[in-house]
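Here is the structure we will look at, set down as structure tokens.
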Amino acid sequence: MSAGTNKIAVTVSEVVEVNELVKRFRFVRSDGGLLPTFSGGAHTVVEMHDGEIQRLNPYSLMSDPMDQTAYTISVRRDDVGRGGSLFMHTQVKPGDQMVISYPVNLFSLDLRARKHLMIAGGIGITPFLAQIKQLTATNGRFELHYACRSPALGSYVDELCDHHPNNVHIYYDEQKQSIDLEHLLDGQPLGTHIYVCGPKGMIDWVRGKAEALGWPREAVHYEEFLAPQSGKPFEVKLAVSNKVIRVGEHQSLLEAIEAAGVDAPYLCRGGACGQCETDVIGYDGKFLHYDHWLEDDQKASGKKIMPCVSRFEGKTLVLDR
Amino acid sequence: MTIQFNDETFRDDYTFRNSQWAIDRFPFPFHEDSYMYSVNMEQHQGGPAGSVFEKRFDVDEHYVSEMKDRALVLAEDPLRCQCLPHMTLAGWDLLELIMVSKSEDYPDLFELHREGNNWHWINKPLGIDHKFVFLDETTLPYGPMEYITRQSQGDFAVLDQRDDNLWMDAGMVTTQADWSLDFDIGMNFFEWHAPVPKANEMGIFVRALKFLLNIQQGTPARRLNWTMTVNPLLDTSPENYHKWGVQKTTLTPENIGTKQHLRVELQTFFRLPRSNALVFPIRCYLISLQDLVTVPKWGRRLHRVIRDLPVELATYKGFIDNRPMIVDYLSQFDDGLPTSDGIWPDKNTEPPLQT
Ligand code: FES
């Protein structure tokens, strides 16, 4: 059972260039029906058929969770990545038929919070857009601190400032503006929860600071989907299905397993959820662990790998799959 | 088919009865001649036509009377329904899930008309015709969870998901097999499972939790659980143990066939979309031993299962004292013939009882 998620056939109804780096895609159900509602912070996995290669990339849903007529996502172009975002930017046009997964939420609001303090960096703004719509509809209290490179690249800054002038604070790196985190965390009322989504450096910074200031672990929420990295091709033996597969340079191990017709579990495809955890039966070489699911000692043990993002270099790798 | 609703009681004079239709579709929980505790989860995406697995929320002949019984329990003890403040949104999720499912699955019994947030709900069996505003609590006589679960068979635990755990933060519990919402409210998955025998079986619970945390929208799951109850009593709660516990001593070889019931829970699990909470409906089906043994396969198999059940499980399920009498009774319906695999009655293929 891959992922335990159902699929939805959709049609691309609109593609909008938000700025030089970001495009927004709107999906409606191909059968004309309504899409499921979802909770702010949820993502969908978009299937892309790029020639021979099949990619499944997760994107946060940014539309109003209560709006069942369409979903929207925003994709930042990554010119050096493996091509998923480039495919979306260059190939996907209005009218195209695509397949997406049911929404999955690995970054949901803690509805007990008296206040939601959101910290976003760059394209990490997208899950917050849906959460803010949800909180606005239910009179939830939030405050957003959003760092981006420049006014020209500040996706959705204008609409956020227009709709929520008192709750939104923008910081432009180019103008040397930065979040005064210590001060910000210090001044929060009891019962505040922190949410952070953005580059790894930002997430580590916020989590580290919150921990140092004595915030309880369960009041700090973060979402970081890693894009699988490219790397040298390698060969893997799948013991259960008795197949030898080759993982291409721009392919993840999980994608290679799927391409061989072997059903493997996943949810986030970004090294965060733990769903794809796979047992290693034998190896001779070295692991390139990129996930943030396994503990350091598990990574060192050579007994587990997260195939959605992690790779291998060496002679042989045998997996229990 | 249209359902003929029974007028019956689950207390005092116990007029509860199963029709032939209800007996034939009873969710017999044993797929082989022995029983071992397991998580045995499967997808809840329909099932054979007419079976209790077919619809998302099964409605049967006991519906109207069960809802009357629920109202009686709540009148005596309002704490059987609780909802922590942050779970209101999950309550609306549940209301939507049940209204949409029932109106689609039983269009002759339930109707839902929606225009934006203006909803019109018609529940014909209970005679309810109600217009209200979705997400506006002031337009309902109760909170959304209480409102809809007063119209739905089975108990409902509504679980918040956070910190990689599940929390019993809301529920409607009036037909439970010996557990207490008032005691468990606010507890996490491990805390509310605490009184399970054999702590070394913890691994099962860790795996079950992992499975539940990963249930996603659009892919609900289900499993069966079972126990034994003397008299067709829905409310076997710890709060009322002093009332029903003593009934276990009223069993005699003469009345056991009518008094002793197999109690089966159909447990389902749905992810709720707006709140990301999980709802865990626990639907209870009762059948007297006398009715159950009219299906030859079930008579043979239940005898073997109960006879061979480990002592600690029979103790945990609360019938260890009566087990010898139950086994004696059931042995009359076990001729030693082999049984077919699976839970279905197989009435046309399994031989009648050989005497
Ligand atoms: S799919 Fe989530 S960690 Fe790999």
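Line by line, the protein sequences are chains D and L.
The numbering of the first sequence is the UniProt record's numbering, which starts it at 1 and goes up by one.
The numbering of the second sequence is the UniProt record's numbering, which starts it at 1 and goes up by one.
All residues carry an ideal CB built from backbone N, CA and C; glycine is no exception.
Predicted model only: the values in this text are computed from it and were never measured.
Assuming the contact rule is C-beta atoms closer than 8 Å, residue i and residue j should be a hit. Round their C-beta distance to whole Å, please.
i: residue 154(L); j: residue 283(L); result: 3 Å
i: residue 269(D); j: residue 308(D); result: 5 Å
i: residue 34(L); j: residue 308(L); result: 6 Å
i: residue 285(D); j: residue 314(D); result: 1 Å
i: residue 192(L); j: residue 168(L); result: 6 Å
i: residue 272(D); j: residue 225(D); result: 6 Å
i: residue 164(L); j: residue 84(L); result: In fact, because the Cβ distance is near 19 Å, the residues do not count as touching under 8 Å.
i: residue 253(L); j: residue 325(L); result: 6 Å
i: residue 188(D); j: residue 117(D); result: 6 Å
i: residue 219(L); j: residue 6(D); result: 6 Å
i: residue 54(L); j: residue 5(L); result: Actually they do not touch by this definition, with Cβ atoms about 18 Å apart.
i: residue 131(D); j: residue 109(D); result: 6 Å
i: residue 143(L); j: residue 91(L); result: 6 Å
i: residue 236(D); j: residue 213(D); result: Contact doesn't hold; Cβ gap of about 44 Å is too wide.
i: residue 205(L); j: residue 190(L); result: 7 Å
i: residue 350(L); j: residue 296(L); result: 5 Å
Can you tell me where the alpha helix (DSSP H) with residue i in it begins and where it stops?
i: residue 139(L); result: It is not in any alpha helix (DSSP H) - residue 139(L) carries neither H nor E in the DSSP assignment.
i: residue 27(D); result: Unbroken run through residue 27(D) is the beta strand (DSSP E), 22-29; no alpha helix (DSSP H).
i: residue 256(D); result: 253-259
i: residue 52(L); result: Here residue 52(L) belongs to no alpha helix (DSSP H), and DSSP marks it neither H nor E.
i: residue 96(L); result: 88-105
i: residue 161(D); result: 157-163
i: residue 292(D); result: Run containing residue 292(D): none; DSSP gives neither H nor E here.
Looking at residue i: is its Cβ nearer than 7 Å to the Cβ of residue j?
i: residue 17(D); j: residue 26(D); result: no
i: residue 36(L); j: residue 211(L); result: no
i: residue 62(D); j: residue 106(D); result: no
i: residue 58(D); j: residue 38(D); result: no
i: residue 318(D); j: residue 239(D); result: yes
i: residue 97(D); j: residue 11(D); result: yes
i: residue 161(L); j: residue 104(D); result: no
i: residue 285(L); j: residue 305(L); result: no
i: residue 65(L); j: residue 8(L); result: yes
i: residue 131(L); j: residue 109(L); result: no
i: residue 323(L); j: residue 89(L); result: no
i: residue 119(D); j: residue 206(D); result: yes
i: residue 172(D); j: residue 150(D); result: yes
i: residue 235(L); j: residue 174(L); result: yes
Under 8 Å Cβ-Cβ, which residues of chain D neighbour residue i?
i: residue 89(L); result: 111, 138
At a CB-CB cut-off below 7 Å, which residues of chain D make contact with residue i?
i: residue 47(L); result: Simply none; closest approach about 18 Å.
i: residue 188(L); result: Those within 7 Å of residue 188(L) in chain D number zero; the least Cβ separation is about 11 Å.
i: residue 276(L); result: 39, 105, 108
i: residue 163(L); result: 218
i: residue 113(L); result: Within 7 Å Cβ-Cβ: nothing; residue 113(L) doesn't reach chain D, min ~15 Å.
What is the residue span of the beta strand (DSSP E) that residue i lies within?
i: residue 274(L); result: Note, residue 274(L): premise wrong, no beta strand (DSSP E); not H, not E.
i: residue 259(L); result: That residue, residue 259(L), is in no beta strand (DSSP E); its alpha helix (DSSP H) goes 256-259.
i: residue 232(D); result: It is not in any beta strand (DSSP E) - residue 232(D) carries neither H nor E in the DSSP assignment.
i: residue 98(D); result: 97-101
i: residue 14(D); result: 7-17
i: residue 82(L); result: 81-83
i: residue 68(D); result: Taken as a continuous stretch (DSSP letters only), residue 68(D) belongs to no beta strand (DSSP E), as it is neither H nor E.
i: residue 319(D); result: 311-319
Can you list the residues of chain L that residue i reaches, using a CB-CB cut of under 9 Å?
i: residue 103(D); result: 216, 217, 218, 273
i: residue 267(D); result: 214, 216
i: residue 36(D); result: 217, 218, 273
Quick one: what's residue i bridged to in DSSP?
i: residue 223(D); result: 197(D)
i: residue 58(D); result: 45(D)
i: residue 120(D); result: 146(D), 197(D)
i: residue 221(L); result: 43(L), 269(L)
i: residue 119(L); result: 114(L), 132(L)
i: residue 218(D); result: Partner(s): none; residue 218(D) has no beta bridge.
i: residue 305(D); result: 278(D)
i: residue 192(D); result: 115(D)
i: residue 229(L); result: 261(L)
i: residue 247(D); result: 234(D)
i: residue 172(L); result: 81(L), 156(L)
i: residue 317(L); result: For residue 317(L), which the question treats as bridged, DSSP gives no partner whatsoever.
Residue i versus chain L: which residues are under 8 Å apart at the beta carbon?
i: residue 44(D); result: The premise fails here: residue 44(D) is roughly 11 Å from chain L at the closest Cβ pair, so nothing lies under 8 Å.
Give the interface partners of residue i over in chain L, defined as CB-CB distance under 7 Å, in chain order.
i: residue 275(D); result: 214
i: residue 58(D); result: Here the premise fails: no neighbours, minimum Cβ distance about 13 Å.
i: residue 6(D); result: 218, 219
i: residue 65(D); result: 274
Find the residues of chain D that neighbour residue i, judging by a C-beta separation of less than 9 Å, and give them in chain order.
i: residue 86(L); result: 110, 111, 112, 113
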